[in-house]
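Numbering of the sequence shown is given in our numbering, commencing with residue 49 and proceeding in unit increments.
Note that CB positions come from ideal geometry on N, CA and C, so glycine has one too.
In what follows, a single structure is set out as structure tokens and then discussed.
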Amino acid sequence: MNLAHWLARRSKEDPFRPALFSGRTLVSDYGGFDMQARAVASWLLGQGVGPGDRVAIFMKNIPDYLVVLFGIWYAGAAAVPVNAKLHGREADYILDDADAKIVFASASQGASLSGGRPVISVPGDAYRAILRSDPVAEIAPRDTAELAWLFYTSGTTGKPKGVIITHGMLLSMALCYRADVDQVLSTDAALYAAPLSHGAGLYTLMHVQAGARHVCPVSGGFDVAEIMELASHFTGVHMFAAPTMVKRMTDGAKAAGWDGSGLRTVVYGGGPMYNADIIQAVDQFGAVFVQIYGQGECPMGITALPREVVSDRDHPAWRHRLASVGRAQSAVEVQIGDANGAAVPAGQPGEIMVRGQTVMQGYWNNPEATAKTLREGWLMTGDIGVMDQQGFVTLQDRSKDVIISGGSNVYPREVEEVLLQHADVAEASVVGRTHPEWGEVIVAFVVGTAPEAELDALCLAQIARFKRPKEYIRLPELPKNNYGKVLKTELRKLLG
Ligand code: AMP
Numbered sequence: 049m050n051l052a053h054w055l056a057r058r059s060k061e062d063p064f065r066p067a068l069f070s071g072r073t074l075v076s077d078y079g080g081f082d083m084q085a086r087a088v089a090s091w092l093l094g095q096g097v098g099p100g101d102r103v104a105i106f107m108k109n110i111p112d113y114l115v116v117l118f119g120i121w122y123a124g125a126a127a128v129p130v131n132a133k134l135h136g137r138e139a140d141y142i143l144d145d146a147d148a149k150i151v152f153a154s155a156s157q158g159a160s161l162s163g164g165r166p167v168i169s170v171p172g173d174a175y176r177a178i179l180r181s182d183p184v185a186e187i188a189p190r191d192t193a194e195l196a197w198l199f200y201t202s203g204t205t206g207k208p209k210g211v212i213i214t215h216g217m218l219l220s221m222a223l224c225y226r227a228d229v230d231q232v233l234s235t236d237a238a239l240y241a242a243p244l245s246h247g248a249g250l251y252t253l254m255h256v257q258a259g260a261r262h263v264c265p266v267s268g269g270f271d272v273a274e275i276m277e278l279a280s281h282f283t284g285v286h287m288f289a290a291p292t293m294v295k296r297m298t299d300g301a302k303a304a305g306w307d308g309s310g311l312r313t314v315v316y317g318g319g320p321m322y323n324a325d326i327i328q329a330v331d332q333f334g335a336v337f338v339q340i341y342g343q344g345e346c347p348m349g350i351t352a353l354p355r356e357v358v359s360d361r362d363h364p365a366w367r368h369r370l371a372s373v374g375r376a377q378s379a380v381e382v383q384i385g386d387a388n389g390a391a392v393p394a395g396q397p398g399e400i401m402v403r404g405q406t407v408m409q410g411y412w413n414n415p416e417a418t419a420k421t422l423r424e425g426w427l428m429t430g431d432i433g434v435m436d437q438q439g440f441v442t443l444q445d446r447s448k449d450v451i452i453s454g455g456s457n458v459y460p461r462e463v464e465e466v467l468l469q470h471a472d473v474a475e476a477s478v479v480g481r482t483h484p485e486w487g488e489v490i491v492a493f494v495v496g497t498a499p500e501a502e503l504d505a506l507c508l509a510q511i512a513r514f515k516r517p518k519e520y521i522r523l524p525e526l527p528k529n530n531y532g533k534v535l536k537t538e539l540r541k542l543l544g
């Protein structure tokens with residue numbers, strides 16, 4: 049089933065229902081949203097782009113993001129959403145790997161690309177002309193096993209891998225949301241303060257299915273004062289927020305004396321949430337929080353901790369449960385495995401493994417990475433965790449050394465590779481330093497005489513700004529084990 053049917057049904061049922069907002073301003077009702085998406089599809093088909101093809105979206109969060117996304121699906125093509133914060137060079141790699149036929153891009157994002165395919169600037173004259181195309185009458189049929197969204201997650205090698213997310217996986221994700229995470233009401237307003245190229249974009253689906261409103265902040269991102277203002281205006285606001293965003297919201301609300309009125313649901317996940325922070329957040333905003341644990345390879349879909357548990361202060365084990373990521377969602381099995389992938393008893397740590405309807409079948413054109421990550425149908429998450437007798441899973445550590453800064457993942461190897469390009473850098477290793485506001489900040493240990501300013505310039509030229517080290521520490525040599533592998537644990541100890 050093509051997911052675009054959900055939009056078609058909503059618009060048929062109630063074409064005048066408000067759909068897309070830029071800040072407080074209504075820009076489209078469901079009928080208009082549907083017609084515009086059909087016009088995009090019609091134009092794509094006219095360009096020879098249709099079922100099986102990939103179309104990239106390299107855009108900031110604006111209402112047309114949803115029009116383009118559903119337009120791509122109406123045509124039977126697959127979307128390749130690219131984080132708008134990426135450097136043009138990084139985006140080029142993704143577009144080439146995905147073999148995207150066309151890119152819809154915000155002006156500065158489009159200008160950063162090196163070419164190789166048509167770029168449609170959104171908004172812009174060409175895009176406005178596209179919206180005047182004759183809308184397609186039919187929705188291209190798509191099987192649940194077919195590609196809907198090619199999601200690029202960075203690999204530890206520094207090269208991003210495309211996760212094949214099918215219509216069926218997104219269907220399971222959206223249905224599990226309603227079964228395990230929370231209700232979705234037609235009176236909700238989905239506020240997109242986190243990038244639509246990631247989880248927040250996937251969450252457009254159940255809100256389209258429910259006929260809810262979709263609101264893109266005018267700032268295009270996360271601004272606490274703006275969120276307060278929009279929540280009070282719309283009421284029934286739903287949003288996804290990384291744990292560091294939740295903390296900033298709590299601090300901002302305390303300072304402004306805001307009790308969270310207008311916020312109905314805040315889904316948090318994507319990184320560790322500390323008990324002290326979530327307790328303060330619930331004290332400030334009430335029972336609005338739910339947690340999910342997912343991965344690009346199992347989008348938003350591994351476990352969930354519903355609002356009753358997040359706000360429970362009576363159960364004898366409430367603190368333990370609050371520190372967990374919850375229990376398996378309905379469409380998947382979750383187990384904790386030993387080094388061979390065999391299930392370990394409750395209470396013992398091991399690698400978190402997942403299999404089921406929301407789990408990917410593989411990476412795009414990358415059988416080696418697929419074979420390493422999927423074992424007999426199980427997705428090996430690379431996360432170490434413990435499951436208790438009641439099925440609550442607690443994440444202990446990330447076996448991968450990913451740094452999560454301000455809700456965005458930074459893979460150290462990617463930064464290290466850039467630093468090592470400097471002739472006066474002999475060795476480099478990048479780790480995260482805990483930071484009260486950003487979760488973690490990036491620290492580079494460097495062996496060599498390269499000046500900081502030159503290293504900074506090298507990073508600026510090649511990778512996204514948020515991946516640049518905030519601090520450089522010189523060492524005569526990096527600590528290593530017997531196999532010559534750098535010991536990041538020792539480096540982290542040096543940070544104190
Ligand atoms: P990504 O594939 O970029 O979405 O990153 C997924 C990784 O983020 C997971 O493998 C976890 O290490 C981490 N993660 C996701 N959700 C949570 C959560 N609720 N609590 C702690 N870490 C999380």
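Test item: CB-CB of residue i and residue j under 8 Å
i: E345; j: V272; result: no
i: A242; j: A290; result: yes
i: N109; j: Y240; result: yes
i: L427; j: T418; result: no
i: A335; j: S309; result: no
i: Y411; j: V211; result: yes
i: D101; j: K133; result: no
i: S567; j: A248; result: The first residue shown for the chain is 49 and the last is 544, placing residue 567 beyond what the model contains.
i: S245; j: P66; result: no
i: F106; j: G158; result: yes
i: V494; j: E525; result: no
i: A85; j: G136; result: no
i: D436; j: G395; result: yes
i: Y225; j: I142; result: no
i: Q343; j: S220; result: no
DSSP three-state assignment for residue i, whether helix, strand or coil
i: Q377; result: coil
i: A474; result: strand
i: Q328; result: helix
i: K536; result: helix
i: R361; result: coil
i: M428; result: strand
i: Y459; result: coil
i: Y520; result: strand
i: K528; result: strand
i: A67; result: strand
i: T204; result: Here T204 scores only 41 on pLDDT, less than 50, and its place in the model is too uncertain to base an answer on.
i: W412; result: coil
i: I511; result: coil
i: V315; result: strand
i: P166; result: coil
i: L113; result: Note on identity: in this sequence residue 113 is Tyr, with Leu being the wrong assignment. Three-state DSSP puts Y113 in a helix.
i: G300; result: helix
i: Y341; result: strand
i: L51; result: coil
i: D173; result: helix
Nearest-angstrom Cβ-Cβ length linking residue i and residue j, presumed shorter than 8 Å
i: A237; j: A260; result: 7 Å
i: E464; j: V478; result: 5 Å
i: S90; j: V170; result: Incorrect: roughly 17 Å between the Cβ atoms, too far for contact.
i: A376; j: T351; result: 6 Å
i: Q534; j: K528; result: Note on residue identity: the sequence assigns Val, not Gln, to residue 534. With a Cβ gap of about 6 Å, V534 and K528 count as contacting.
i: D449; j: K515; result: Contact doesn't hold; Cβ gap of about 14 Å is too wide.
i: G80; j: V266; result: Rounded, the Cβ-Cβ distance is 20 Å, inconsistent with contact.
i: V402; j: V380; result: 5 Å
i: M297; j: I327; result: The pair is not a contact, with the Cβ atoms about 14 Å apart (cut-off 8 Å).
Near the ligand AMP: residue i beta-carbon under 7 Å from a heavy atom
i: P320; result: yes
i: V373; result: yes
i: N457; result: yes
i: D14; result: In the structure displayed, the chain extends from 49 to 544; residue 14 sits before or after that span and is not available.
i: T201; result: yes
i: I120; result: no
i: I521; result: no
i: Q339; result: yes
i: L17; result: With the chain represented from 49 up to 544, any question about residue 17 goes unanswered, as that position is not in the structure.
i: Q257; result: no
i: G480; result: no
i: G344; result: yes
i: G317; result: yes
Cβ-heavy atom distance, residue i to the ligand GTP, below 7 Å
i: L427; result: Inclusion of the ligand GTP in the displayed structure is not the case, the ligand content consisting of the ligand AMP alone.
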